[in-house]
Every structure is written in C-alpha cells, then in structure tokens.
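What follows is a short report on a single structure.
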C-alpha cells in the first residue's frame, strides 16, 4: 500500500508541474514536425527502395532447405534490377564487396546452420533490413531443427507453415515524418530521466525522503512507488505525443500498435528507473544532469535518433549495441517495416531487464551503506 | 520509560559520533538535548528513529529491547526534522495527509487528523494553500503538523524553530507544551538555550559524543558552578579600597569598572551582609545591588568550553 501512496504523490506532483508537462509533450511534437518537414527530401522512397541491389551468397557444405529458404526469402524481397547470385570463390566475392561492386555478401554454413552477412555501408539501410530478416529466419529454423532432432513427434501435429517468414513490404518505406515521428517520441522519453532524477535529489536534500523512511516505508517500497508514479506521468506524456503523431502527423506506427505501446512503456520504465536510481546514488544535481545530457547525446547518436547510422565502422557497431535507444528503434522499425516482432520483443526484454538491474543495484548499494541512501 | 540507551556507540570510520552514551527519557517528559554542532545529537536521533544502525550498546523503546528493526514501533514516533521537510507542490492538507497515511491512517479518520493537526499549529485557514506561499514560520508549523497527525507517543523535534520570527517561535513553543500536556513525550534539540530553559523538564548535554551532564535546569546550574556573582553600583564620587572587600570571608575576587563592583563569591557563603557592613563602615553610597544567577548558557559554556552556537 505504501507503494501506491508514494506513486499517487509522485503523480500529483508531476502533473502539477505544467512547465515540464509542456516541454515533454509540445517540444517533441514541434521537433518532429520541423525535422520531418526539413528532411523530407533525404528520406525519399528511392533512397530506401530495394531496387538495383547486387547480392551474392556463398554456401559452405551441401545445399539444403536451409539455404533454399534464404534464397526464396531474399528473391521475394528484391526489387527491379536487383540480382542474387551464388558464388564459389569467397575471397573474390569479398573483394567485390570492398570495391563496392556488390551490395551484400551472405555466407551460409549448412552444417552449423549459421549465416554471416557482409555489408556495404553505402547500402546500409537495405543491408540492415536483410540482416534482420536473416536473423529471424535462422532463429526460427534453428528452433524447428532442434525440435526435429530431439522430439520429432512434436512436428507431426504442427502446422506445415511453422517457419512462416514474411518479407519486407517493398512499397512501405519510411518518410522522414515516419522515421522522426517514431524516433523523437522515443528520444524524448530519455529526456524524462532528468525529472525523476532531480526530484529524487531534491527530496533527499529537503529531508522529505528521510521523513518517509522514518515512517514504516522501506527503501524498496519507496523506489518502486516512485518508479510507478513517474512511469504513469511519463506514460501520459508519451501517449499524447504518440497519438498526436499517429492521428495528426499520420506517422506510421505499424499494424501492431499494441506492441509499439508496450515497447514505449518498457522504455519509459527503463528511463524512470535509471533516473530515480541515479538520484538515490548521486548527491550532486548539477553533475548528474551534466552526465545525463551528455549521455543522451551519445546514446541518441549511436541509437540512430539523429539520422540512420551509416558507415561508422567498429565504433558505430559497438556504440549502437550499448545504446538502449538503438535496440528500441531497431525493434520498432523492424516491426513496422520488416514484418517481424523478434527484435521488438528483444528490446522490451532488454528495457525491463535493465530496469530491474537498476533497482536491484540501487537497493544493494543502499543496503551496503546500512540503509542510508547517500 | 520511553527511550533508554545503555553503552550506545556509533562510529563513522574512525570518528566516534556516539561514545558509550547512557540516557533515559521518561514518559511525559520534554527532554532537551543540548550540544554544540557535531556533538552527536542528530546521530542519536537517527539511531532512535532507526535511520542509522548503532555499532554497539542497548536500545530500549517503549520498554521493549530493540535488537533489529523498530518497524512495528514507528507508528508511535513522530519526527520534526531540522530541515523543512514538506512538499511545496502539495497543499498544506495534502502534505499532512500524505505523511499521516504512511502511518496507516486512512479514510474519514485521515481527514479528521489532518484538520486537527492543522488546527493545532494554527494553519486551519490555509488548508488548501500551497506552502510555497507560506512564511518561514508557517512552513515550520506545517513541518510540525506533518509529524503529529498520527498521534505519536514520542515526538522528536530537531531544532524546530531555526530561522523564524519571535511570534512563530512562541506559537511553536506553546504547541510543544500543549502537545506534551496531551500526552506525548518530547525530545527537543535546539540551539536556543532560552527555549530549552523555557519548556524542557529535563536536559541532557551532549559533547563529543558523550553525555557530560544531565538533569533539570536547576540541577545543571548547580553542577557546574560553586560560585555566585554580586554586582554593586556605588556613587560616582565614592572612593573605596577594594582590599577591604577582598578580606571578607567568601569573596574570591573583585573587579572594578567605573562605579560598578563585581564580586565573585563562594556560593554557600553568607557574604552579602559582611560586604554591606564594610560599605557602611566606609560611608560608601550604594545605588544598586544585584545577585546574578548562573544561566544555563554559562553552565553549558563551563561544561563544554564552547558556546552552544559555535
């Protein structure tokens, strides 16, 4: 019950902070509109079309349904003027990729049921779509393969289309409004870190946190209550932004709107948990805010919030995996444009898992300090 | 007994904040805890509130020995922190209601208690007002209301009158006494000696983590001094050989400033009549004579070597 009382108090306080409410709703909508209109030319559908692509694939081992499935899926995906050819000389094909003669090289290991993808960064977006499709395909076929090896009788009653892959809709490519509508909505959730962070620090400094803990409230109850309350308020803000982009800006959130909302909720919980945990562990509001804002810039850059990531090399590859925004953006984009929800589920799991880690880590640190949060 | 500690020790690294403290606070008392900054008052309060774990020693609360948590006793404790621990973006009644609800008060009783607490501190006209519009004194009073709405048996007040006007201070001091009359035991720390003298029934002086003296105001004054001061104002044209007064039994020292004589005498001696005899014999015109009582401030200074606000 204490959790609900604290959550109610947090909701009341945050809803009364009109300035923050406006910043967190009006500002992202204004930015989405401005960037969406300004970069409309950059995101023309030609840029993202799956036309005129040169793909090569190399099969190691004896050809089976595994590589045939990939062939079928890719050929369905490719547009006009594209080619998809099997090669026998892997080194030559790699050279062609380096010389930018081909777009992508797919290396298929039949015995290990592995697929490696070599990308040409000039066609980064198209290659990323292929990468996500291949990733989903291998995961699904490997599951079926394992089931066939260990319990083949289970497959007898299974539907024949148990590996049901859908390809990218070639005609459904994002406009700049679509891209930034989704991405800015998520990025601005991250700016929501500062509100619970600053409020937690203030609560420590003015003594209200001590006052709550003097009553029969544990640190864990307080943490969860604050996360719950702030998540509700951030949720309202996100809902306003999301529904405005959907209904007024006509941003494409995909056909799985519920999944998109779930992803936003998970990201919101992540953001609020991080802000509150940081507030418990740090004492300097200025230092914390500086770190948060710097972190958001890097995370947004590597997450592809400013522009889709192209040609950043190893740094970009490492950076994107560290950026929580990349997982969420990648997840939602794959759902909307790749017709696959695997990445989105992964992103939700990562967001919620890391949130739980924040809470546990903060509780542990506080316990180690004898129950004191400073 | 409401609170009793025996051999209480709390260390922060190598620093000993509380050093083998023995203290007993009885039901119905207003117990004043005095000590200069860093004496260990707040650490003591934090241990009693279960905010800080002690290193060793025994703690008894409401007659019960505390080995682990005092979670089940917290509803009987109300804390008025030194800082104004209220929310500026919640109204006065919402502030009181929130803190009281954490002690399990709910429904109609919660509404009743909120009204009662705000009436008690004189803020009934500001039920729906946000504290950001309050004066310092009003905020302090709301700070108290938030601690008493759940009717605690023990109220701990950590310097509740810092930085407020005399009118609000008087209101708070009267409230503390009224609260005590209604049955609450009070632990009161303050930097203002006159407040402690005015309202506390018993006083403990804490210095460097140790209780160096404890008792009623009168007991403390008698502990720390064995002397009294007599101040005599004589006529401007009078000439007196002070050596004559020094020879009076019980007079320890004399200082002279213009026409004012200041005599330090042994407390138990009956030297005033002898001093008067000397003055009459020498035909000295006496304009005024005063006996200076030992104040708690001077007792504190004598015990700790520091002024309370140092």
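Protein chains in written order, with my numbering: chain S, 36 to 409; chain A, 8 to 317. Yeah, the Cβ is synthetic: ideal placement off N, Cα and C, and Gly gets one too. On a predicted model such as this, the values are computed, not experimentally measured, just so you know.
Own chain residues within Cβ distance below 6 Å of residue i, not counting five before or after
| i | result |
| --- | --- |
| residue 362 of chain S | 382 and 385 |
| residue 142 of chain S | 93 and 151 |
| residue 135 of chain A | 98 |
| residue 125 of chain S | 93 |
| residue 166 of chain S | 152 |
| residue 244 of chain S | 238 |
| residue 175 of chain A | 144 |
| residue 200 of chain S | Note that residue 200 of chain S scores 47 on pLDDT, short of 50, meaning its location in the model is unreliable; the coordinates nonetheless yield the value given after this. These residues qualify, in order along the chain: 108 and 172. |
| residue 269 of chain A | 238 and 262 |
| residue 46 of chain A | 213 and 214 |
| residue 18 of chain A | 62 |
| residue 267 of chain S | 46 |
CB contact below 7 Å: residue i versus chain A
| i | result |
| --- | --- |
| residue 355 of chain S | no |
| residue 175 of chain S | no |
| residue 40 of chain S | yes |
| residue 135 of chain S | no |
| residue 44 of chain S | yes |
Short CB-CB distance (under 7 Å) between residue i and chain S
| i | result |
| --- | --- |
| residue 12 of chain A | no |
| residue 108 of chain A | yes |
| residue 258 of chain A | no |
| residue 293 of chain A | no |
| residue 86 of chain A | yes |
C-beta atoms of residue i and residue j nearer than 7 Å
| i | j | result |
| --- | --- | --- |
| residue 215 of chain S | residue 71 of chain S | yes |
| residue 97 of chain S | residue 128 of chain S | no |
| residue 394 of chain S | residue 258 of chain S | yes |
| residue 371 of chain S | residue 289 of chain S | yes |
| residue 364 of chain S | residue 218 of chain S | yes |
| residue 269 of chain S | residue 314 of chain S | no |
| residue 212 of chain S | residue 286 of chain S | yes |
| residue 55 of chain S | residue 230 of chain S | yes |
| residue 402 of chain S | residue 255 of chain S | no |
| residue 91 of chain A | residue 102 of chain A | no |
| residue 96 of chain A | residue 48 of chain S | yes |
| residue 182 of chain A | residue 128 of chain A | yes |
| residue 137 of chain S | residue 146 of chain S | no |
| residue 376 of chain S | residue 307 of chain S | no |
| residue 212 of chain A | residue 163 of chain A | no |
| residue 31 of chain A | residue 8 of chain A | yes |
| residue 105 of chain A | residue 44 of chain S | yes |
| residue 38 of chain S | residue 260 of chain S | yes |
Nonlocal neighbours in the same chain, by C-beta distance under 7 Å from residue i, ignoring five residues either side
| i | result |
| --- | --- |
| residue 166 of chain A | 89, 196, 197 and 198 |
| residue 259 of chain A | 234, 271, 272 and 273 |
| residue 301 of chain S | 383, 386 and 387 |
| residue 242 of chain A | 266, 292 and 294 |
| residue 197 of chain S | At residue 197 of chain S, the pLDDT of 48 sits below 50, so the modelled position is not reliable and the matter cannot be decided from this model. |
| residue 202 of chain A | 168 and 180 |
| residue 64 of chain S | 276 and 279 |
Same chain only: Cβ atoms within 8 Å of residue i, ignoring 5 sequence neighbours per side
| i | result |
| --- | --- |
| residue 81 of chain S | Low confidence applies here, because residue 81 of chain S scores a pLDDT of 47, under 50, leaving its location unreliable and the question unanswered by this model. |
| residue 116 of chain A | none |
At a Cβ cut of 9 Å, what residues of the region 52-81 of chain A count as close to chain S, listed as they run along the chain? 53, 56, 57, 58, 59, 60, 78, 79 and 81
Check whether the region 210-217 of chain A and the region 243-261 of chain A touch, using three or more Cβ-Cβ pairs below 8 Å as the test. no
At a CB distance below 8 Å, what residues from the region 88-106 of chain A approach chain S? Give them in sequence order. 88, 89, 90, 91, 92, 93, 94, 96, 97, 101, 105 and 106
Any C-beta of chain A within less than 9 Å: which residues of the region 238-260 of chain S qualify? Against chain A - using a Cβ distance shorter than 9 Å - the residues of the region 238-260 of chain S are 238, 240, 241, 242, 243, 244, 245, 246, 247, 248, 249, 250, 251, 252 and 253.
So, do the region 328-340 of chain S and the region 216-225 of chain S have three or more beta carbon pairs nearer to each other than 8 Å? yes
Please identify, using Cβ separations under 8 Å, the residues of the region 48-63 of chain S that lie next to chain A, in order along the chain. Correct list: 48, 51 and 52.
Does the region 25-35 of chain A come into contact with the region 181-196 of chain A, if we say contact requires no fewer than three beta-carbon pairs (one atom in each stretch) closer than 8 Å? yes
Stretch-stretch touch, CB-based, cutoff 8 Å, three pairs: the region 103-111 of chain A with the region 245-260 of chain S: Put simply, the region 103-111 of chain A touches the region 245-260 of chain S. At least three CB pairs are less than 8 Å apart.
To be precise: take each residue of the region 309-326 of chain S, compare its Cβ to all Cβ atoms of chain A, and keep it if any distance is under 7 Å. Which residues remain? The region 309-326 of chain S vs chain A, Cβ under 7 Å: nothing.
Within the chosen definition, does the region 152-172 of chain A reach the region 78-89 of chain A through at least 3 CB pairs nearer than 8 Å? yes
Any residues in the region 369-399 of chain S with a beta carbon nearer than 9 Å to a beta carbon of chain A? Which ones, in chain order? none
The region 48-68 of chain A / the region 13-21 of chain A touching (three or more Cβ pairs under 8 Å): yes
Decide if the region 169-183 of chain A is in contact with the region 16-29 of chain A; the criterion is three or more beta carbon pairs, one per stretch, under 8 Å apart. no
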